[in-house]
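A short write-up of the structure that comes next.
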Amino acid sequence: DAGITQSPRHKVTETGTPVTLRCHQTENHRYMYWYRQDPGHGLRLIHYSYGVKDTDKGEVSDGYSVSRSKTEDFLLTLESATSSQTSVYFCAISESTLAKNIQYFGAGTRLSVL
Amino acid sequence: KQEVTQIPAALSVPEGENLVLNCSFTDSAIYNLQWFRQDPGKGLTSLLLIQSSQREQTSGRLNASLDKSSGRSTLYIAASQPGDSATYLCAVRREGTYKYIFGTGTRLKVLA
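Spelled out as structure tokens, the structure:
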């Protein structure tokens, strides 16, 4: 593994509650990503970060916010969880150099919103 | 809007067969294309990355090609083994961004 830890690995929560997922890296990579994976949709980008305090939206960002106050941590927050946010969430990191633009993925967080 | 398609969605082959997985994309303005493998319940593992200026990349029994003008990439797996059974996904990075668009994957089963 490329030094990426996602926590928690599994979470069950109720509709309307806030949820925060954490991605921690030990690689000092500049770029970090949050994806969700759903049957029939593949992986879809939620948000990504290109540096500390620098973030941008992906294709399915509604209902999600992110924060990156340190290089190693990228947090994904569901302000008020809904059943449609039940999914598997993956964090990924990559370097910025041309030759090293490979994405490395964490093991995922399985979130169930009841 | 970039769309990435992988056909077929699932494939079963006998052990030892050579096989080709396909990935097509609608916008040729890509920076690179990456092939990944995903085992059930696991994260994605990068297999090969092809820059837009390259035609192919090889790693062991895997060979990936890229034809940017036609919007196609193929992943060739030689002498398939049961351990190759997994879902294979391709992803393209759009020019001028660090955003990746993924295909929905091909689920491969290699039968012993």
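Chains as they are written, first to last, in our numbering: chain S, 132 to 245; chain X, 7 to 118.
Glycine included, C-beta positions come from ideal geometry on N, C-alpha and C.
From a predicted model like this one, the values you see are computed outputs, not experimental measurements.
Where residue i falls: helix, strand or coil (DSSP)
i	result
Pro20 (chain X)	strand
Ser243 (chain S)	strand
Gln87 (chain X)	coil
Ser215 (chain S)	helix
Ser58 (chain X)	coil
Residue from the options with nearest C-alpha to residue i
i	options	result
Phe221 (chain S)	X:Phe31, X:Lys48 and X:Val10	X:Lys48
Thr110 (chain X)	X:Arg100, X:Glu101, X:Gln44 and X:Ser18	X:Gln44
Thr32 (chain X)	X:Trp41, X:Ser79 and X:Ala15	X:Ser79
Gly102 (chain X)	X:Phe42, X:Glu21 and X:Ser58	X:Ser58
Gly66 (chain X)	X:Asp90, X:Val19 and X:Leu72	X:Asp90
His155 (chain S)	S:Thr217, S:Ser215, S:Gly134 and S:Leu242	S:Gly134
Leu53 (chain X)	X:Glu9, X:Leu81 and X:Ser75	X:Leu81
Exposed unless 16 or more other CB atoms sit within 10 angstroms - verdict on residue i
i	result
Leu245 (chain S)	exposed
Gly173 (chain S)	buried
Thr93 (chain X)	buried
Val183 (chain S)	exposed
Asp147 (chain S)	The identity of residue 147 (chain S) in the sequence shown is Gly, whereas the question assumes Asp. Label assigned to Gly147 (chain S): exposed.
Inter-residue spacing [alpha-carbon to alpha-carbon] between residue i and residue j
i	j	result
Gly77 (chain X)	Gly171 (chain S)	22 Å
Gly237 (chain S)	Thr144 (chain S)	21 Å
Leu176 (chain S)	Leu55 (chain X)	19 Å
Ala96 (chain X)	Ala70 (chain X)	Here residue 96 (chain X) turns out to be Cys, not Ala, going by the sequence shown. Cα-Cα distance, rounded: 10 Å.
Trp165 (chain S)	Leu50 (chain X)	13 Å
Ser138 (chain S)	Thr240 (chain S)	7 Å
Val26 (chain X)	Ile107 (chain X)	21 Å
Pro14 (chain X)	Lys115 (chain X)	12 Å
Val191 (chain S)	Ser218 (chain S)	13 Å
Gln40 (chain X)	Ser225 (chain S)	12 Å
Leu17 (chain X)	Val98 (chain X)	22 Å
Closer than 8 Å to chain X by CB, residue i
i	result
His160 (chain S)	no
Tyr235 (chain S)	yes
Phe205 (chain S)	no
Leu152 (chain S)	no
CB contact check: residue i to chain S, cutoff 8 Å
i	result
Asn38 (chain X)	yes
Leu17 (chain X)	no
Gly49 (chain X)	yes
Gly111 (chain X)	yes
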